[in-house]
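K.L.:
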Amino acid sequence: MRNILVIGGGASGMAAALFAARAGANVTLLERNEKLGKKVYITGKGRCNLTNDCALDDFLAEVPRNPRFLYSALSFLSPRDTMELMTENGCPVQVQRGQRVFPQSEKASDVTRALTHALDKAGVRIRLNAGIRSMEIRNGRVQSLLLDSGETLGADAVILCTGGYSYPSTGSTGDGYRFAAQAGHTVTPPSPVLVGMETKEDWPRSLQGLSLKNVTLTLSRGKKTLYSNLGEMLFTHFGISGPLVLEGSCHLPDPPEGVSITIDLKPGLTESQLDARLLRDFAAAGKKQLRTELSSLLPARLADQFPALCGLSAALSCSQITQAQRAALVAVLKALPISLRCPRPVEEAVVTRGGVSVREINPGSMASKIIPNLYFAGEIIDVDAHTGGFNLQIAWSTGALAGHSAATEET
Ligand SMILES: Cc1cc2nc3c(=O)[nH]c(=O)nc-3n(C[C@H](O)[C@H](O)[C@H](O)COP(=O)(O)OP(=O)(O)OC[C@H]3O[C@@H](n4cnc5c(N)ncnc54)[C@H](O)[C@@H]3O)c2cc1C
Numbered sequence: 000m001r002n003i004l005v006i007g008g009g010a011s012g013m014a015a016a017l018f019a020a021r022a023g024a025n026v027t028l029l030e031r032n033e034k035l036g037k038k039v040y041i042t043g044k045g046r047c048n049l050t051n052d053c054a055l056d057d058f059l060a061e062v063p064r065n066p067r068f069l070y071s072a073l074s075f076l077s078p079r080d081t082m083e084l085m086t087e088n089g090c091p092v093q094v095q096r097g098q099r100v101f102p103q104s105e106k107a108s109d110v111t112r113a114l115t116h117a118l119d120k121a122g123v124r125i126r127l128n129a130g131i132r133s134m135e136i137r138n139g140r141v142q143s144l145l146l147d148s149g150e151t152l153g154a155d156a157v158i159l160c161t162g163g164y165s166y167p168s169t170g171s172t173g174d175g176y177r178f179a180a181q182a183g184h185t186v187t188p189p190s191p192v193l194v195g196m197e198t199k200e201d202w203p204r205s206l207q208g209l210s211l212k213n214v215t216l217t218l219s220r221g222k223k224t225l226y227s228n229l230g231e232m233l234f235t236h237f238g239i240s241g242p243l244v245l246e247g248s249c250h251l252p253d254p255p256e257g258v259s260i261t262i263d264l265k266p267g268l269t270e271s272q273l274d275a276r277l278l279r280d281f282a283a284a285g286k287k288q289l290r291t292e293l294s295s296l297l298p299a300r301l302a303d304q305f306p307a308l309c310g311l312s313a314a315l316s317c318s319q320i321t322q323a324q325r326a327a328l329v330a331v332l333k334a335l336p337i338s339l340r341c342p343r344p345v346e347e348a349v350v351t352r353g354g355v356s357v358r359e360i361n362p363g364s365m366a367s368k369i370i371p372n373l374y375f376a377g378e379i380i381d382v383d384a385h386t387g388g389f390n391l392q393i394a395w396s397t398g399a400l401a402g403h404s405a406a407t408e409e410t
């Protein structure tokens, strides 16, 4: 019976241990925290958007980098398989808007409870408070693991499921990157994605708490559009956040120098339609202040600031507005510019971009191409996806495939 050690009891580690045990291996799951799935617990604001009930091609379209690497893993354990796995272990699921899948109870803790139940049933040995300090590699193979306690554990195969750098209080402190680098792997430098953006201007901060719905956010560098999508965004104490901004952050270059942000506040109207509307509204408004009139077009707090953003006085009356001033209003309504200072730090990111290079991992098994009895799963690998349940599904799928392969492959 093969002896398999899984490092990290997060989403990918639980899946890896389960599928390795189901394939007949003797499995020990090692987690440094006092409980499993500390990060799973905070996912989806405590509701855990555990997967996305979509077809494979639609799934891959939500993965900005290295999507083809995931083909075998997602075929091995698909979103539907995950939904079944949860349901048969006591966590029935529901599909919500955008095919997002949540536990019926809307409690993330039920996801970990279901998996813990499955792990117990499969005979996995779970060791909590078991941090791993280092891996001993000799003769081109992982021989053993050294625990923080000083104990040494030998293994036929090791699966690295230590996650990324984000939210380090959940235990994901990037240890796995160090272990992988020591094993000779290339680690693409980690950076934050699915994260808010700090702005150079102060005015977005003064609108903290204001959310804009049905706007188009565009990120570009020079003439190249990096990202453009319609949806919802939010002004915060540091700049901008919300679904569009988080998704847009996946498309920022690293470093993000020279990126410009624009918001189309009226994506349903062309410039000429908007100009005609302003002309009509201003004629009807007469001596009304521009700021007051704009609040029929924009949220009041933004309307207050808007004339200044167009280089106009807020006290201007509608009847005074010239054609050139109207053109300036239209231009900013269609492309409100914001300057990016930087993304928020990786500690605050939902996901870490970068990690172990996919070129050095066999996509059909998740085995290292350098150390044959070493496997990888989850966020430690250089793949990341948009929000919607895709990142957890990547963790479940790569974990399941790594576990099954480690248990069944001759290494
Ligand atoms: C706030 C937030 C909300 C999110 N919401 C969603 C969502 O709703 N849907 C979604 O799809 N994704 C979501 N994600 C992303 C998702 O949680 C991650 O992509 C996923 O958890 C990655 O799984 P993982 O197993 O690779 O890593 P992790 O879940 O980070 O697990 C890694 C584990 O390894 C352990 N570990 C690390 N080093 C060691 C060591 N040296 N020894 C022993 N153990 C170690 C850690 O303690 C940790 O438990 C969210 C992330 C955050 C931060």
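Numbered per numbering that gives the first Met the number 0, the sequence shown spans residues 0 to 410. Even for Gly, the Cβ is constructed at its ideal location relative to N, Cα and C. Small disclaimer: the values here were computed from a predicted structure and weren't measured.
Please go through the same chain and pick out, in chain order, the residues whose beta-carbon is closer than 6 Å to the beta-carbon of TYR374, but skip the five residues on each side of it.
P.N.:
Only ILE158, MET365, ALA366, ALA401, ALA405 meet the Cβ criterion.
K.L.:
Please return the same chain residues whose Cβ sits closer than 8 Å to the Cβ of GLN324, not counting the five positions on each side in sequence.
P.N.:
Correct list, in chain order: CYS309, LEU311, LEU315.
K.L.:
Would you list the one or two residues that DSSP bridges to VAL94?
P.N.:
For VAL94, which the question treats as bridged, DSSP gives the partners VAL100.
K.L.:
Give me whichever residues DSSP pairs with CYS341 in a beta bridge.
P.N.:
DSSP lists GLU197 as partners of CYS341.
K.L.:
Please state whether the Cβ-Cβ distance between ASN88 and ALA113 is less than 8 Å.
P.N.:
The answer is yes: Cβ separation under 8 Å.
K.L.:
In whole angstroms, what separates the C-alpha of LYS37 from that of ALA10?
P.N.:
Straight-line Cα distance between these residues: approximately 9 Å.
K.L.:
Starting from GLU135, follow its DSSP beta bridges and name the residues at the other end.
P.N.:
Its beta-bridge partners are SER143.
K.L.:
Apart from the five residues on each side of it in sequence, which residues of its chain come closer than 7 Å, Cβ to Cβ, to VAL350?
P.N.:
So the list reads GLY163, SER165, VAL192, LEU193, GLU378, ASP383, ASN390, once near-sequence residues are dropped.
K.L.:
So MET196 packs on VAL214, CB below 8 Å; how close in whole Å?
P.N.:
Going by Cβ atoms, the distance from MET196 to VAL214 rounds to 15 Å, so no, they are not a contact pair.
K.L.:
Which of the three DSSP states is assigned to PHE228 in this structure?
P.N.:
In the sequence as displayed, the identity of residue 228 is Asn instead of Phe. In the structure shown, ASN228 sits in a strand (DSSP, three-state: E or B).
K.L.:
Nearest to ARG132 by CA position, among ARG124, THR151, LYS120, ALA121, is which residue?
P.N.:
Comparing Cα positions, the closest option is THR151.
K.L.:
Taking a contact to mean a Cβ-Cβ separation below 8 Å, would you say PHE68 touches SER396 in this structure?
P.N.:
No, the Cβ-Cβ distance between PHE68 and SER396 is not below 8 Å.
K.L.:
Taking the straight line between their C-alpha atoms, what separation do you get for VAL258 and ALA15?
P.N.:
Each residue's alpha carbon lies about 39 Å from the other.
K.L.:
Threshold first: 4 residues or longer. Then list the alpha helix (DSSP H) segments lying entirely within the segment 38-89, N to C.
P.N.:
You should have 55-59, 70-75, 78-87.
K.L.:
Report, in whole angstroms, the separation of the C-beta atoms of LEU264 and LEU335, which I expect to be a contact under 8 Å.
P.N.:
Rounded, the Cβ-Cβ distance is 6 Å, consistent with contact.
K.L.:
Check whether the segment 337-357 touches the segment 170-187, counting contact only when three or more Cβ pairs, one atom from each stretch, lie closer than 8 Å.
P.N.:
Touching, yes, given that three or more Cβ pairs across the two stretches are closer than 8 Å.
K.L.:
So, are the CB atoms of ASN361 and VAL141 less than 8 Å apart?
P.N.:
The answer is no: Cβ separation not under 8 Å.
K.L.:
With distance defined between alpha-carbon atoms, name the residue in GLY130, GLU359, ALA283 nearest to ALA182.
P.N.:
Selected option, being the one with the closest Cα: GLU359.
K.L.:
At a cut of 8 Å, does the segment 18-36 reach the segment 122-129 through at least three beta carbon pairs?
P.N.:
Short answer: they touch.
K.L.:
Put PHE18 into one of helix, strand or coil per three-state DSSP.
P.N.:
It is helical.
K.L.:
Which word fits HIS385, buried or exposed, when buried means at least 16 other C-beta atoms lie within 10 angstroms of its C-beta?
P.N.:
It is buried - the Cβ of HIS385 has at least 16 other Cβ atoms within 10 Å.
K.L.:
Nearest by alpha-carbon distance to LEU49: which of THR410, GLY398, HIS403, ALA394 is it?
P.N.:
When each option's Cα is compared against that of LEU49, the closest is ALA394.
K.L.:
Using CA coordinates, which residue listed in LEU229, GLY153, ASP52, SER71 is at the minimum distance from ARG1?
P.N.:
Considering only alpha carbons, the answer is GLY153.
K.L.:
Determine the burial state of PRO254: buried for a count of at least 16 other Cβ atoms within 10 Å of its Cβ, exposed for fewer.
P.N.:
Looking at its Cβ environment, which holds fewer than 16 other Cβ atoms inside 10 Å, PRO254 is exposed.
K.L.:
Closest to ALA54 by C-alpha separation, out of ILE41, TYR70, PRO63, VAL39, would be which residue?
P.N.:
When only C-alpha atoms are compared, the closest one is TYR70.
K.L.:
Within the segment 278-344, note down every full beta strand (DSSP E) run reaching 3 residues or more, in order along the chain.
P.N.:
With a minimum length of 3 residues, the continuous beta strand (DSSP E) runs that stay inside the segment 278-344 are 335-342.
K.L.:
Pick helix, strand or coil for GLY412, following the three-state DSSP scheme.
P.N.:
With the chain represented from 0 up to 410, any question about residue 412 goes unanswered, as that position is not in the structure.
K.L.:
In three-state terms, what does DSSP make of GLY175?
P.N.:
Reduced to three states, the DSSP call for GLY175 is helix.
K.L.:
Three-state secondary structure (DSSP) at ALA212?
P.N.:
According to the sequence shown, residue 212 is Lys rather than Ala. Here LYS212 sits in strand by DSSP.
K.L.:
Could you check the C-alpha separation between GLN93 and ALA330 for me, to the nearest Å?
P.N.:
Cα to Cα, the separation comes out at about 43 Å.
K.L.:
Between which two residues does the alpha helix (DSSP H) harbouring SER248 extend?
P.N.:
First-last of the alpha helix (DSSP H) with SER248: 242-248.
K.L.:
Using only alpha-carbon positions, find the residue among ALA313, ARG343, SER318 that is nearest to ALA284.
P.N.:
Among ALA313, ARG343, SER318, the Cα nearest to that of ALA284 belongs to SER318.
K.L.:
Less than 7 Å between the CB of ASN128 and some heavy atom of ligand 1, yes or no?
P.N.:
Not under cutoff, so the answer is no.
K.L.:
Using only the alpha-carbon positions, how far apart do ASN51 and TYR226 sit?
P.N.:
Going by the C-alpha atoms only, they are around 22 Å apart.
K.L.:
Are there 16 or more other CB atoms within 10 angstroms of the CB of GLY45, so buried, or fewer, so exposed?
P.N.:
Burial call: exposed.
K.L.:
Measuring CA to CA, which of TYR40, LEU73, ILE41 is closest to LYS363?
P.N.:
The residue you asked about is not Lys; residue 363 is Gly in the sequence shown. Among TYR40, LEU73, ILE41, the Cα nearest to that of GLY363 is on LEU73.
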